[in-house]
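Undergrad: I have a structure I would like to understand better, so I am pasting it below and will then ask my questions one at a time.
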Ligand code: GLY
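In the numbering used here, the protein residues as written are 21 to 583.
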């Protein structure tokens, strides 16, 4: 478990009562503030804004914007995200959908050649891979509708980090090395994110002056600063010069959507999670409702894992067939979450044997993995909360920067199904529901989630492609068993997603005994060569009057509780 104590520099102005990573901090009356994010500078930005009188939503703006500056491989102003919010004053719970949209010139066959074969790189590299960004609109919406401070104030830390630079960490160095070849194809990107064309050395200062100006324009003019005017014109011109299809109309037309979260219960926990165009809430609701038919706590460890795997298999099967942008396709949510249907699925689980995925039906396969994407959780003393999962899709997105703007484009178009039954970068194959269409949002796995009982409130999420859903689900099971955030973020992770028909597990994610027993039940096992995920979590325990927070030990993030 990661445990750090604030002592110096970036957040030295914090008071001594600040506890880091999972240390409980007793709050008198109202709960403490808490921020957990994937980067210490982003966490510091959130704390700074809370201490200036901002609420959790102002802090969410500050953390999101800062992550977009200091973790360019994960998210950014050229990307998008989902912000799940809970407003304490009236209990309003909503997901702000700032997912990217396909440009008007996009079409179902745009990533296929004359022979109808998918051109693999076309949806991954360069501006043709980029959807219209939703992050700037999401931040403006959060600030205007839910925040207390002016947008300029909440964006100030990000502007500062972009202007003054941030230091390259070992994680940045390692991740930039994976995509250095692609970044070099786009000099404006290489000039910012590499050092002399190579992955920058640890400690190197990454300055983003043009991005600072872009964020300043958003701070001054709101949507008009990004979606209209000189920055929009520059982005469109640069995109077109390099084979992209964005237009000024696409940018002008971009809108965030407020969506009703998926709400369901598992035992005595109320779970509030991401609705379509995320698949997270529905898949988790299905899997946990299936598991509710069993007494997991009365099972051996191996039996428990077998049942969790079988529940995931069944829920992910439905994901691959039925889920897409609800503004374009009819997502049969009621049918997918119907009690009798899920009881029926539970009955198909054989306690002694793995169910081959093929006998569950002819859904397309999917596999999505990755270290891209990021998550943060925030709680303020009034009880407002935000869970934000943000992305540019794969590492450094499309690796393309519109020169003069500092905006790194996403490659979120790859989350669409480029062709039925043909895998994307991660083996993801979708159905018609997730086919490309102008203005449509690609199906996502991002799963910002609240976990609630009358006494406890959890705020949780993580990056990790389709494994996001299983990670959040394992955390939800642990919450229901009374676990604390440091336990949720540290859990050993395993995953099944229907196809490929295998139990994926992180390095050392299953013991030798568990592997032997699960293999004996017919499960094909695949150990991933590294540990995965980067969960950021907060728990407010009302009976103890305590706030806990934790940052995933696999990452370099920071979780703080401020009394
Ligand atoms: N691009 C990752 C996701 O939305 O699931």
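Note that CB positions come from ideal geometry on N, CA and C, so glycine has one too. Since we're looking at a predicted model, the values are computed, not measured.
Any heavy atom of the ligand GLY closer than 8 Å to the CB of residue 136?
TA: Residue 136: no, Cβ never under 8 Å from the ligand GLY.
Undergrad: Pick out the complete beta strand (DSSP E) segments inside the region 265-320, 3 residues or longer, and give them in chain order.
TA: Runs of the beta strand (DSSP E) inside the region 265-320: 277-279, 282-286 and 289-293.
Undergrad: Considering Cα atoms alone, identify which of 206, 112, 53 and 340 is closest to residue 428.
TA: When only C-alpha atoms are compared, the closest one is 206.
Undergrad: Pick out whichever of 159, 141, 178 and 135 has its Cα sitting closest to the Cα of residue 67.
TA: Out of 159, 141, 178 and 135, 178 has the C-alpha closest to the C-alpha of residue 67.
Undergrad: Where do the ends of the alpha helix (DSSP H) carrying residue 562 lie?
TA: Premise fails: residue 562 is in no alpha helix (DSSP H) and is neither H nor E.
Undergrad: Going along the chain, which residues of its own chain have a beta-carbon closer than 7 Å to the beta-carbon of residue 223, five neighbours each way excluded?
TA: So the list reads 187 and 188, once near-sequence residues are dropped.
Undergrad: Hey, could you find the ends of the alpha helix (DSSP H) residue 489 is sitting in?
TA: Residue 489 -> alpha helix (DSSP H) spans 487-500.
Undergrad: Quick check on DSSP: helix, strand or coil for residue 178?
TA: Looking at residue 178 - three-state DSSP - the assignment turns out to be helix.
Undergrad: Comparing alpha-carbon positions, which option in 569, 98 and 578 lies nearest residue 52?
TA: Among 569, 98 and 578, the Cα nearest to that of residue 52 is on 569.
Undergrad: Report back the beta-carbon spacing between residue 471 and residue 289 to the nearest angstrom; my notes put them in contact at under 8 Å.
TA: Contact holds; Cβ gap of about 6 Å.
Undergrad: So does the region 123-138 actually touch the region 93-112, counting three or more Cβ pairs closer than 8 Å?
TA: Segments in contact, no.
Undergrad: Is the beta carbon of residue 362 less than 9 Å from the beta carbon of residue 313?
TA: Yes, Cβ-Cβ distance for residue 362 and residue 313 is below 9 Å.
Undergrad: What does the Cβ neighbour count give for residue 533, buried or exposed, with the cut at 16 atoms within 10 Å?
TA: Classification for residue 533: exposed.
Undergrad: Distance, Cα to Cα, residue 590 vs residue 435?
TA: In the structure as shown, the chain starts at 21 and stops at 583, and residue 590 therefore has no counterpart that could be examined.
Undergrad: Taking just the CA atoms, how far does residue 304 sit from residue 37?
TA: Model confidence at residue 37 stands at a pLDDT of 36, short of 50, so the residue's coordinates are unreliable; what they give is reported in the following sentence. Their Cα atoms are separated by approximately 36 Å.
Undergrad: Alpha carbon to alpha carbon, what distance is there between residue 139 and residue 458?
TA: Cα to Cα, residue 458 sits roughly 19 Å from residue 139.
Undergrad: Could you spell out where the alpha helix (DSSP H) holding residue 467 opens and where it closes?
TA: No alpha helix (DSSP H) holds residue 467; DSSP gives it neither H nor E.
Undergrad: Going by Cα to Cα distance, which pick from 358, 479, 392 and 240 is closest to residue 398?
TA: Selected option, being the one with the closest Cα: 479.
Undergrad: Flag residue 462 as yes when its Cβ comes closer than 8 Å to any non-hydrogen atom of the ligand GLY, and as no otherwise.
TA: Yes.
Undergrad: Excluding the five sequence neighbours on either side, which residues of its own chain have a C-beta within less than 6 Å of the C-beta of residue 88, listed in chain order?
TA: Closer than 6 Å at the Cβ level, and outside the excluded window around residue 88, lie 95, 96 and 97.
Undergrad: I think residue 114 touches residue 243, with their Cβ atoms under 8 Å apart; what is that distance to the nearest whole Å?
TA: About 19 Å separates the two Cβ atoms, so there is no contact after all.
Undergrad: Taking 6 Å as the limit between beta carbons, can you name the residues of its chain near residue 374, skipping five residues before and five after?
TA: Once the five neighbours on either side are set aside, the close Cβ partners of residue 374 are 541, 542 and 543.
Undergrad: When the distance is taken between beta carbons, is residue 518 closer than 9 Å to residue 339?
TA: Yes; because the gap between Cβ atoms is below 9 Å, this pair is in contact.
Undergrad: Return the CA-CA distance between residue 269 and residue 84, expressed in angstroms with no decimal places.
TA: When rounded, the distance between both Cα atoms is 26 Å.
Undergrad: Who are residue 547's beta bridge partners in DSSP?
TA: In the DSSP output, where bridge partners are listed per residue, residue 547 has 525.
Undergrad: From 486, 154, 431 and 240, pick the residue whose C-alpha is nearest to that of residue 172; which is it?
TA: The shortest C-alpha separation from residue 172 is found at 240.
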